[in-house]
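*Asks:*
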Amino acid sequence: MKQVVLNLKDGDLTVEDVPIPTLKGSGVLVRNHYSVISAGTESGLVDLADKSLIGKARARPDLAMKVINKAKQDGPISAFQQAMGRLEKREPLGYSSAGTVISVSEDIASIKVGDRVACAGAGYANHADVAFVPKNLCVKVPDNVDLKNACFTTVGSIAMQGVRNADVRVGENVVVVGLGLIGLITVQILKASGCRVFGIDLDESKVKLAKELGADFALSRNTPNIEESVRQFSRGIGADVTIIAAATRSNDPVDFAGKITRERGKVVIVGLVGMDIPREEYYNKEIELRVSRSYGPGRYDRAYEEFGKDYPAPYVRWTENRNMQAFLDLLSMKKISMDPIISHEFPIEQAPEAYDIIEQRKPYLGIVLRYDTNREIEDKIVLKAPESNPFPSETPVIGVIGAGIFATSTLLPNLSKIEGIKLKGLSAATGISCESVAKKYGFGYCTSDYHKIMEDPEINCVSIVTRNSLHAPLVIEALKHGKNVLVEKPLALNEDELEAVRAAWEEHGGLLMVGFNRRYSELGMKLRDFFKKRSQPMVALYRVNAESIPKDHWIYDSSEGGSRIVTECCHFIDFLQFIIGSSPTEVYARKIEPEIKSPEDNENVSITISFEDGSIGTIIYTTHGDSSLSKERAEFFADGMAGVITDFKQLELVKGGKKEKIAKRMVTEKGHKNEFEKFFEMAKKGSSEYDFKANVLTTMVTLKAVESIQNGSSVRL
45 MKQVVLNLKD GDLTVEDVPI PTLKGSGVLV RNHYSVISAG TESGLVDLAD KSLIGKARAR
105 PDLAMKVINK AKQDGPISAF QQAMGRLEKR EPLGYSSAGT VISVSEDIAS IKVGDRVACA
165 GAGYANHADV AFVPKNLCVK VPDNVDLKNA CFTTVGSIAM QGVRNADVRV GENVVVVGLG
225 LIGLITVQIL KASGCRVFGI DLDESKVKLA KELGADFALS RNTPNIEESV RQFSRGIGAD
285 VTIIAAATRS NDPVDFAGKI TRERGKVVIV GLVGMDIPRE EYYNKEIELR VSRSYGPGRY
345 DRAYEEFGKD YPAPYVRWTE NRNMQAFLDL LSMKKISMDP IISHEFPIEQ APEAYDIIEQ
405 RKPYLGIVLR YDTNREIEDK IVLKAPESNP FPSETPVIGV IGAGIFATST LLPNLSKIEG
465 IKLKGLSAAT GISCESVAKK YGFGYCTSDY HKIMEDPEIN CVSIVTRNSL HAPLVIEALK
525 HGKNVLVEKP LALNEDELEA VRAAWEEHGG LLMVGFNRRY SELGMKLRDF FKKRSQPMVA
585 LYRVNAESIP KDHWIYDSSE GGSRIVTECC HFIDFLQFII GSSPTEVYAR KIEPEIKSPE
645 DNENVSITIS FEDGSIGTII YTTHGDSSLS KERAEFFADG MAGVITDFKQ LELVKGGKKE
705 KIAKRMVTEK GHKNEFEKFF EMAKKGSSEY DFKANVLTTM VTLKAVESIQ NGSSVRL
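Heads up: the sequence shown is residues 45 to 761, going by this note's numbering.
This is the structure in structure tokens:
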């Protein structure tokens, strides 16, 4: 299918052939007929991509600081590689479209194949032939509304939410500052609400159009004595409400709004404008300032947008979905007219020309992209001609499932350095990620249907780097297809999944390796050799100074990520097991118990593990530390010896009063490349020397640690 993509690294905007997206739960696949380009939101992203690396850092200091903190903990090279990996992934554009439903997930009954729907959401309602859209971000289009008009529904909902925040009453005097796409829709919604509307813009043509669309009065911002004109329009009272729909870095709209709004009136900011509030004007008039957030309650809530959990109407009357419905109702009742606002229409193949209009600041309003709904769409794109000769039977031929941050920053850069392997197929849920990553690393094809990887007879090795919830089922399926499997941790999210994986491995055999990479690091192997001949039980302490992450991150979702303990602590549990060289027998874990509870309590924990040989190891995992301190520090003691490894950049070995320092100063080397090489070496030999049972034990200890925290008591394995 065709999709508009943006290269964040160099600003290159192109239309690419990519696989159609995957249908996921609580959503639908929509064959787009039209989508609308948002000059504000999308051009901002394009402008950012056009900047140099320094320019990007200045424009987004928050992201630059994340890279700096990453460099402090993992080293500058690792931080640079991860940052470049993010920039090299091409981004989808678009967030407002309309089309026909072609597929529906099993958990949705309200939408059916063939329904005409309007769609919303950045990353969902993309400029593409086909889009995957969660159910709360799409609404049915009335029969008498053309899909070209319906594709403006998201933009219209932004205007709708601005009017709702204005809380207008019939007969009130409302000034709309900024008569672009959102401003002109706002004018019409206000008129439908029974308000008297005064429109203001710098562009005379937009002023004229506002009058044609129902504004009672409209003037250029440069009109002399415009404040007096507003006063006369409002019969000497001043604007009851001023809605700012302009997009400018200037503070003029906010300053101007304070002058024209009456005492105890309201100013509602919808557009991206300067917000240096003139305190005296707003204070003396006791003006209420409101900032309208996107297109309604539910926006930025993953539970609402991704998983379809609605808010009860008696408590939240107007969600983003209901705002979308209301906008379509106004279109159906002819209260809003979009045809005069549509200034340009392009087929998707000419999308770069549409963005040129915005970049060159030519006159425009609503720019629509049109799609060929008869075009054949595929879930697989062949990037290289098939090999003329089959691969030798001992050659590892790899299929990768997943193209997220770990795949692009760690897995694939390392695989590309390993000789004697072939990268054949890459699968990812979103076509754009799949195609761009596959092309960069020389895969033969890319697909949004992972079954094509599993069913490819030439592929004998599968690497699974998806989100956690898919690890166990994909491992089981790969084993059934006779593949060697390298799966990123965790192996499973619960004991039922773990048992199912173990049973599949015992039934089908094959090489199954879990991505516990630290045991393959150079410093980790030196540390193990140092204690190889010890006679005493070992005492170990592994301290992890983890960073805080957003609380709506998918890792926190019990069905998708499990938790940070399940996702991350398994690494440290495995490394303790590797260095100590004995099997765990018991685990006891506690979390902090502050007076005021918070979600972070569950990621500030102490985990103590007992081992068969009498050793004990404790993991301290916290998000309450300072990021300038090392992230990982592991200390091991036995037989009068001590070994300390810090961030896998430095190793100290102490014995007989002598200290040896081994440092990897610029690079955090956590063993990924060695791990991958070991996997392919065993795959070539058809070797079964890998200790999969140790992976099962590590996973079981991790799950039992969670159980111990919940029960408040130790758990034996």
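C-beta: ideal position from N, C-alpha, C; glycine also.
If you're wondering where the values come from, they're calculated on a predicted model, not measured in any experiment.
Take the Cβ of Asp-151 as the centre, count every other Cβ of all protein chains shown within 10 Å, and call the residue buried at 16 or more, exposed below.
*Replies:* Answer is exposed; the Cβ neighbour count stays below 16.
*Asks:* Taking only three categories from DSSP, how would you classify Ile-321?
*Replies:* Residue state, collapsed to three classes: coil.
*Asks:* Out of curiosity, what's the CA-to-CA distance linking Val-189 and Val-207?
*Replies:* In a straight line, the C-alpha of Val-189 is about 22 Å away from that of Val-207.
*Asks:* Would you call the stretch 716-727 and the stretch 555-572 touching, i.e. three or more CB-CB distances under 8 Å?
*Replies:* Cβ pair count under 8 Å is three or more, so yes.
*Asks:* Which residue from Val-183, Arg-134 and Glu-403 puts its Cα closest to that of Arg-366?
*Replies:* Selected option, being the one with the closest Cα: Val-183.
*Asks:* Counting along the chain, where does the beta strand (DSSP E) carrying Asp-190 start and finish?
*Replies:* Taken as a continuous stretch (DSSP letters only), Asp-190 belongs to no beta strand (DSSP E), as it is neither H nor E.
*Asks:* By alpha-carbon positions, which one of Leu-620, Asn-512 and Gly-701 ends up nearest to Gly-611?
*Replies:* Sequence inspection shows Thr at residue 611; the Gly mentioned does not correspond to that position. Of Leu-620, Asn-512 and Gly-701, the residue nearest in Cα terms is Asn-512.
*Asks:* By Cβ distance below 6 Å, which residues in the same chain neighbour Thr-690 in space, the five residues on each side in sequence not counted?
*Replies:* If we look at Thr-690 and ignore the five residues flanking it on each side, its Cβ neighbours are Ser-674 and Arg-677.
*Asks:* Determine, using beta-carbon pairs with one atom in the stretch 347-355 and one in the stretch 215-223, whether at least three such pairs fall under 8 Å.
*Replies:* Contact fails: fewer than three Cβ-Cβ distances are below 8 Å.
*Asks:* Should the stretch 320-332 be called in touch with the stretch 290-307, which here means at least 3 C-beta pairs below 8 Å?
*Replies:* Output reads yes: the stretch 290-307 touches the stretch 320-332.
*Asks:* Is Thr-363 closer than 9 Å to Ala-536 when the C-beta atoms are compared?
*Replies:* Their beta carbons are not under 9 Å apart, which means Ala-536 does not touch Thr-363 by this criterion.
*Asks:* Just verifying my parser: in three-state terms, what is the DSSP assignment at Glu-499?
*Replies:* It is helical.
*Asks:* Rounding to the nearest angstrom, what Cα-Cα distance links Gly-55 and Lys-235 in this structure?
*Replies:* Straight-line Cα distance between these residues: approximately 40 Å.
*Asks:* Compare the C-beta of Asn-648 against all C-beta atoms of chain D and say whether one is closer than 9 Å.
*Replies:* The question asks about chain D, but that chain is absent: this structure has only one protein chain.
*Asks:* Starting from Phe-300, trace the beta strand (DSSP E) in both directions and tell me its first and last residue.
*Replies:* Here Phe-300 belongs to no beta strand (DSSP E); instead the alpha helix (DSSP H) covers 296-304.
*Asks:* Considering only residues of the stretch 49-75, which uninterrupted beta strand (DSSP E) runs meet the minimum length of 3 residues and lie entirely inside it, listed in chain order?
*Replies:* With a minimum length of 3 residues, the continuous beta strand (DSSP E) runs that stay inside the stretch 49-75 are 57-61.
*Asks:* If you draw a straight line from the C-alpha of Gln-47 to the C-alpha of Val-72, how long is it?
*Replies:* One C-alpha to the other measures close to 18 Å.
*Asks:* Considering only heavy atoms of the ligand MG, does any lie closer than 8 Å to the CB of Gly-446?
*Replies:* No copy of the ligand MG appears in this structure; indeed no ligand is present at all.
*Asks:* Any idea which residues DSSP pairs Cys-613 with across the strands?
*Replies:* Bridge partners of Cys-613: none, in fact.
*Asks:* Please list the terminal residues of the continuous beta strand (DSSP E) segment that includes Gly-227.
*Replies:* Unbroken run through Gly-227 is the alpha helix (DSSP H), 225-236; no beta strand (DSSP E).
*Asks:* Quick one: Cα of Ser-460 to Cα of Cys-505, how far?
*Replies:* In a straight line, the C-alpha of Ser-460 is about 15 Å away from that of Cys-505.
*Asks:* Measuring CB to CB, does Gly-469 end up less than 9 Å from Lys-496?
*Replies:* In this structure, Lys-496 lies closer than 9 Å to Gly-469 by Cβ.
*Asks:* Do the stretch 561-569 and the stretch 653-671 touch if we need at least three Cβ pairs shorter than 8 Å?
*Replies:* No, because fewer than three Cβ pairs between the stretch 561-569 and the stretch 653-671 fall closer than 8 Å, the two stretches do not touch.
*Asks:* Taking only three categories from DSSP, how would you classify Cys-195?
*Replies:* The answer is coil: DSSP assigns Cys-195 none of H, G, I, E or B.
*Asks:* If we call anything under 9 Å between Cβ atoms a contact, is Asp-493 one with Lys-428?
*Replies:* In this structure, Lys-428 does not lie closer than 9 Å to Asp-493 by Cβ.
*Asks:* Quick one, which of Gly-446, Thr-510 and Leu-542 has its alpha-carbon nearest Val-481's?
*Replies:* With distances taken between Cα atoms, Val-481 lies closest to Gly-446.
*Asks:* Smallest Cα separation from Cys-239: which of Gly-258, Gly-224, Ile-226 and Asp-247?
*Replies:* Answer by Cα proximity: Gly-258.
*Asks:* Considering only the alpha carbon of each residue, which of Tyr-586, Ile-609, Glu-644 and Arg-562 lies closest to Ser-592?
*Replies:* Residue Glu-644 is the option with its Cα nearest to Ser-592.
*Asks:* Check Tyr-326 in the structure and name its three-state DSSP category.
*Replies:* DSSP places Tyr-326 in helix when its eight states are reduced to three.
*Asks:* How should Lys-693 be labelled, buried or exposed, when 16 other C-beta atoms within 10 angstroms of its C-beta is the threshold for buried?
*Replies:* Buried is the call here.
*Asks:* Among the residues of its own chain, which have a CB less than 8 Å from the CB of Lys-748, if the five just before and after it don't count?
*Replies:* Correct list, in chain order: Val-631, Val-759 and Leu-761.
*Asks:* If we call anything under 9 Å between Cβ atoms a contact, is Ala-142 one with Ser-237?
*Replies:* Contact: no.
*Asks:* Pop quiz: Trp-549 and Phe-736 are said to be a contact at Cβ under 8 Å. What is the actual Cβ separation, rounded to whole angstroms?
*Replies:* That belief holds up - the Cβ atoms of Trp-549 and Phe-736 are roughly 6 Å apart, short of 8 Å.
*Asks:* For Cys-478, report the span of its alpha helix (DSSP H) as first-last.
*Replies:* Counting along the chain, the alpha helix (DSSP H) containing Cys-478 begins and ends at 475-485.
*Asks:* How many Å lie between Gly-69 and Pro-178 at the Cα?
*Replies:* The alpha-carbon atoms of Gly-69 and Pro-178 are separated by roughly 8 Å.
*Asks:* Could you check the C-alpha separation between Ser-602 and Glu-438 for me, to the nearest Å?
*Replies:* Taking the straight line from one Cα to the other gives about 40 Å.
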